[in-house]
Amino acid sequence: MSVAGEMLDVSTRTSTKGRTMSTPTPVNPPSLHQNPAFAQGMVLPPGRTLYVGGQNGTGPDGALVEGGLGPQTEKALRNVLAVLAEAGTDAEHVAKLTIYLDPSVDANEAYAASGRVWRSRTAVTVLAVAPARPGALVEVEAVATVPEA
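Spelled out as structure tokens, the structure:
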């Protein structure tokens, strides 16, 4: 498999340059659109995997933040970052984000808010679904690796 200009042996997680992969590695086939905001796929290294449950834009009291989609998206992503940090990992180790948006919102507002908080490039899926929580306009899930200590 070719990853970022190197051949990757998926069974041993080593590249043709002899490096062991320790973070998720983007997979972007040249035959697909090369989007600077996300990867088409991610290869995870062996070890521990963290699945971050759906995070809404809520504060420590459980109440949704005010201000609409932008503030809710920023807070939901910050909540994901808090779970990552608690598990001993960070955004660089996230292989996939799934973002669920209320169908009534403008996704461009969520994209702009995401860019203010999330600086790492990863695989992303955005879906329009009815919110499970009344008033929630966004929910974010993540899959990440947790580096060995």
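If you use numbering that gives the first Met the number 0, the sequence shown corresponds to residues 0 to 148, in order. The beta-carbon is built from N, C-alpha and C at its ideal position, and this holds for glycine as well.
Comparing the CB of Glu91 with every heavy atom of the ligand MG, is any distance shorter than 7 angstroms? This structure does not include the ligand MG; it has no bound ligands of any sort.
Limits of the unbroken beta strand (DSSP E) element including Pro25: Position 26 of the sequence shown, counted from the start, is the residue given in the question as residue 25. Thr24 to Val26 is the extent of the beta strand (DSSP E) around Pro25.
From Glu147 to Thr48, what distance separates their C-alpha atoms? Position 148 of the sequence shown, counting from 1, holds the residue named residue 147. Position 49 of the sequence shown, counting from 1, holds the residue named residue 48. Taking the straight line joining both Cα atoms gives about 11 angstroms.
Evaluate Thr124 with the Cβ neighbour count: other Cβ atoms within 10 Å of its Cβ, from every protein chain shown; 16 or more gives buried, anything less gives exposed. Start at 1 with the first residue of the sequence shown, and residue 124 comes out as number 125. Around the Cβ of Thr124, a 10 Å sphere holds fewer than 16 other Cβ atoms; the residue is exposed.
Roughly how many whole angstroms lie between the Cα atoms of Val9 and Thr24? As a working note, residue 9 is residue 10 in the sequence shown. As a working note, residue 24 is residue 25 in the sequence shown. For Val9, the pLDDT reaches just 45, beneath the cut-off of 50, and the residue's location in the model is therefore unreliable, although a value from the coordinates is still provided. If you take the alpha carbons of Val9 and Thr24, they lie about 11 angstroms apart.
Contacting residues, own chain, Cβ-Cβ under 6 angstroms from Val2 (five flanking each side not counted): For the purposes of this step, residue 2 is taken as the residue at position 3 of the sequence shown. Residue placement at Val2 is poorly supported in this model, since its pLDDT is 47, which falls under 50; the coordinates still yield a value, given next. These residues qualify, in order along the chain: Thr24 and Val26.
Am I right that Gln54 and Val139 are in contact with their C-beta atoms under 8 angstroms? What's the rounded C-beta distance? The sequence position of residue 54 within the sequence shown is 55, counting from 1. The sequence position of residue 139 within the sequence shown is 140, counting from 1. That belief holds up - the Cβ atoms of Gln54 and Val139 are roughly 5 angstroms apart, short of 8 angstroms.
To the nearest angstrom, report how far apart Glu91 and Leu31 are at their CA atoms. By 1-based counting over the sequence shown, the position of residue 91 is 92. By 1-based counting over the sequence shown, the position of residue 31 is 32. Those two C-alpha atoms are separated by around 23 angstroms.
With a Cβ-Cβ cutoff of 8 angstroms, do Leu96 and Ala141 count as a contact? Locating residue 96 in the sequence shown gives position 97, where the first residue counts as 1. Locating residue 141 in the sequence shown gives position 142, where the first residue counts as 1. For Leu96 and Ala141, yes; Cβs fall inside 8 angstroms.
Quick test of your reading: Thr22 and Thr144, contact by CB under 8 angstroms. State the CB separation rounded to the nearest angstrom. Position 23 of the sequence shown, counting from 1, holds the residue named residue 22. Position 145 of the sequence shown, counting from 1, holds the residue named residue 144. 7 angstroms between Cβ atoms; contact.
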